[in-house]
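Structure first, then comments.
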Amino acid sequence: MSRQDALQGSLPLLVLKILHRRGPLHGYGITAQIEAFSDLLRVEQGSLYPALHRLEEAGWVRAKWTTTENKRRARIYEITPAGRKQLQDEERRWTSVAGAIGQVLREA
Amino acid sequence: MSWISRIANALRPGRAAADLDDELQFHLEQRAADLVRDGMPRAEAERLARRQLGNPLQLRESSRDVKSAVWLESLLRDFRFGLRMIAKYRNASLAAIASLALAVGASTAAFTLVDALIFRPLPVAEPHQLIDLARLLPAFFSSENQPHESPSFSYAQYQLLCDAARPQADLFALTNGLQLSLSDDSGGFSENVRAEFISGDGFTILGIHPALGRLIQPDDDTPANAHPAAIIGYGFWKRRFGASPAAIGERLTMGRQSFQIVGVAAAPFAGYARISLVDLVN
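Read top to bottom, the protein sequences are chains A and B. So the first sequence is residues 689 to 796, counted in my numbering. So the second sequence is residues 1316 to 1597, counted in my numbering.
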């Protein structure tokens, strides 16, 4: 299994979780966070942005333009209350699916 | 992000694209800076950062699908393309537009007529209780040698029918609309109008009200046209008399006969046949 495949479908979950834990971040910050946690979960960097925009469209994150210390325009993403709710649901679903698969792998 | 912002992005595609470019550019710079900090030469760091990010065109496409009402964007593009083509082939476009306009106009006119004649109930008190009487004439009277209907009755027949129908029904008599030339006796105007002749109790039976003056009454049914009275339609009243109350009492000559205007029918009633509205005359 390639590294990207491991992330398929779970990228939104990871993004929401990181924004929830670490507070507002720009896109590159999110990439760096995910990679910092795990070598295996290397985000295909480009795919992060369409995913972020889909989350924004769904109302789970909101974005605003800010200026960094070195005067660079950066887009900062922040989780919304609806996003926290979604995060809870997704996390629960992920845990139960992972648990179920684990059970099959152990006992089948 | 809402529908409004999606539509706004569709209307200004350049702006959304510029925002995304900025965002990706920021990513590349940060990435390259991090790599340089880890000891990579700058040129190589920038190359690696770009490779890791992926194809920017493809990113822009997939992000645009999310952020913009794509259907609206392409609709606008089609619209602009259409305008350019119209400007380019001016003569052919004019011909097409003109023939469309004529066709639409003709259909509208036809529909207006059918609507007035068939779909809309007559503006009278009980349109569903109206019955149109006709006689079935034997084949002998017809040039095609077929039995056919005639809407005409003699006055004697009309009186017989009235007596026979009472008290279950009231009858009134009405002529077809006639195109007649009309002028006022002081010579103010002269025009062709459409007139219908109605028996004295017609308006009462139809339940029509006057906008001004009175309507034709049974005692207008005098022999030998002793006091011919005319009701004018509301539109005619506004057009010819400026909706002035002075219209009452004016004399009109229609054909060879003189009539006195005694009233104006209320607005919706424009004659039984309804096509162009006139002047109901007894």
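Glycine included, each C-beta is placed from N, C-alpha and C at the ideal position. These figures come from a predicted structure and were not determined experimentally.
Ordered along the chain, which non-local residues of its own chain (more than five positions away) have a Cβ less than 8 Å from that of residue i?
{"i": "residue 705 of chain A", "result": "775 and 779"}
{"i": "residue 715 of chain A", "result": "736, 737, 740, 763 and 765"}
{"i": "residue 1534 of chain B", "result": "1515"}
{"i": "residue 1452 of chain B", "result": "1462, 1463, 1464 and 1465"}
{"i": "residue 782 of chain A", "result": "698 and 701"}
{"i": "residue 767 of chain A", "result": "704, 707, 708, 748, 749 and 775"}
{"i": "residue 1332 of chain B", "result": "1375 and 1379"}
{"i": "residue 1447 of chain B", "result": "1466"}
{"i": "residue 712 of chain A", "result": "764, 765 and 766"}
Given 7 Å as the limit, tell me if residue i has its C-beta closer than that to any heavy atom belonging to the ligand ZN.
{"i": "residue 1351 of chain B", "result": "Absence of the ligand ZN is noted for the structure shown, with no ligands found whatsoever."}
On the three-state DSSP scale, how would you describe residue i?
{"i": "residue 1569 of chain B", "result": "strand"}
{"i": "residue 1438 of chain B", "result": "coil"}
{"i": "residue 1528 of chain B", "result": "strand"}
{"i": "residue 1450 of chain B", "result": "strand"}
{"i": "residue 1580 of chain B", "result": "strand"}
{"i": "residue 1597 of chain B", "result": "Model confidence at residue 1597 of chain B stands at a pLDDT of 40, short of 50, so the residue's coordinates are unreliable; what they give is reported in the following sentence. Residue 1597 of chain B: coil per DSSP, three-state reduction."}
{"i": "residue 1323 of chain B", "result": "helix"}
Which residues bound the beta strand (DSSP E) around residue i?
{"i": "residue 752 of chain A", "result": "749-755"}
{"i": "residue 1547 of chain B", "result": "1544-1547"}
What first and last residue would you give for the alpha helix (DSSP H) that runs through residue i?
{"i": "residue 766 of chain A", "result": "It is not in any alpha helix (DSSP H) - residue 766 of chain A instead sits in the beta strand (DSSP E) that spans 761-767."}
{"i": "residue 724 of chain A", "result": "715-725"}
{"i": "residue 707 of chain A", "result": "699-710"}
{"i": "residue 737 of chain A", "result": "733-746"}
{"i": "residue 1523 of chain B", "result": "Run containing residue 1523 of chain B: none; DSSP gives neither H nor E here."}
{"i": "residue 1401 of chain B", "result": "1385-1403"}
{"i": "residue 1337 of chain B", "result": "1328-1352"}
{"i": "residue 1363 of chain B", "result": "1357-1368"}
Using a Cβ-Cβ cutoff of less than 7 Å, which residues in the same chain neighbour residue i once the five nearest sequence positions on both sides are dropped?
{"i": "residue 1388 of chain B", "result": "1325 and 1328"}
{"i": "residue 1339 of chain B", "result": "1368, 1371 and 1374"}
{"i": "residue 1604 of chain B", "result": "For residue 1604 of chain B there is no data in the structure shown, the boundaries of chain B being 1316 and 1597."}
{"i": "residue 1549 of chain B", "result": "1526, 1579, 1580, 1581 and 1582"}
{"i": "residue 733 of chain A", "result": "719"}
{"i": "residue 1454 of chain B", "result": "1460, 1461 and 1462"}
{"i": "residue 1517 of chain B", "result": "1487, 1489 and 1531"}
Here's a check: name, in chain order, each residue in its chain whose Cβ is nearer than 6 Å to the Cβ of residue i, leaving out the five neighbours to either side.
{"i": "residue 1584 of chain B", "result": "1438 and 1523"}
{"i": "residue 1591 of chain B", "result": "Reliability fails at residue 1591 of chain B, whose pLDDT of 35 lies under 50, so the model's placement of it is uncertain and no value is given."}
{"i": "residue 1457 of chain B", "result": "1463"}
{"i": "residue 785 of chain A", "result": "none"}
{"i": "residue 744 of chain A", "result": "751"}
{"i": "residue 1476 of chain B", "result": "1486"}
{"i": "residue 1556 of chain B", "result": "1562"}
{"i": "residue 1384 of chain B", "result": "1321, 1322 and 1325"}
For residue i, which residues in chain C fall below 7 Å Cβ to Cβ?
{"i": "residue 732 of chain A", "result": "No chain C is part of this structure, whose protein chains are labelled A and B."}
Members of the stretch 1335-1347 of chain B near chain A, C-beta cut-off 8 Å = If you check each beta-carbon in the stretch 1335-1347 of chain B against every beta-carbon of chain A, the ones closer than 8 Å belong to 1335, 1337, 1338, 1339, 1341, 1342, 1344, 1345 and 1346.
Write down every uninterrupted run of the beta strand (DSSP E) in the stretch 1452-1518 of chain B whose length is 3 residues or greater and which is fully enclosed by it, in chain order.
-> Within the stretch 1452-1518 of chain B, the runs of beta strand (DSSP E) that reach at least 3 residues and sit entirely inside it are, in chain order, 1463-1465, 1493-1499 and 1505-1512.
Residues in the stretch 1376-1396 of chain B having any Cβ partner in chain A nearer than 7 Å = Cβ contacts with chain A come from 1377, 1378, 1381 and 1382.
When you check each C-beta in the stretch 741-754 of chain A against every C-beta of chain B, which residues fall closer than 7 Å?
-> For chain B, the residues of the stretch 741-754 of chain A that bring a beta carbon within less than 7 Å of one of its beta carbons are 741, 742, 744 and 745, in chain order.
Report the residues of the stretch 1353-1371 of chain B with a CB closer than 9 Å to any CB of chain A, ordered along the chain.
-> From the stretch 1353-1371 of chain B, only 1364, 1367, 1368, 1369, 1370 and 1371 have a Cβ closer than 9 Å to chain A.
Looking at chain B, which residues of the stretch 764-789 of chain A have a Cβ within less than 7 Å of any of its Cβ atoms?
-> So nothing in the stretch comes that close.
Within 9 Å of chain B by C-beta, residues of the stretch 708-722 of chain A in sequence order | Residues of the stretch 708-722 of chain A with a Cβ closer than 9 Å to any Cβ of chain B, in chain order: 714, 715, 716, 717, 719 and 720.
Where the stretch 1426-1439 of chain B meets chain A: residues whose CB sits under 9 Å from a CB there | For the stretch 1426-1439 of chain B, no residue has a beta-carbon sitting nearer than 9 Å to a beta-carbon of chain A.
Please list the residues of the stretch 1405-1416 of chain B that have a C-beta atom closer than 9 Å to any C-beta atom in chain A, keeping them in chain order.
-> Near chain A, meaning a CB-to-CB distance below 9 Å, no residue of the stretch 1405-1416 of chain B qualifies.
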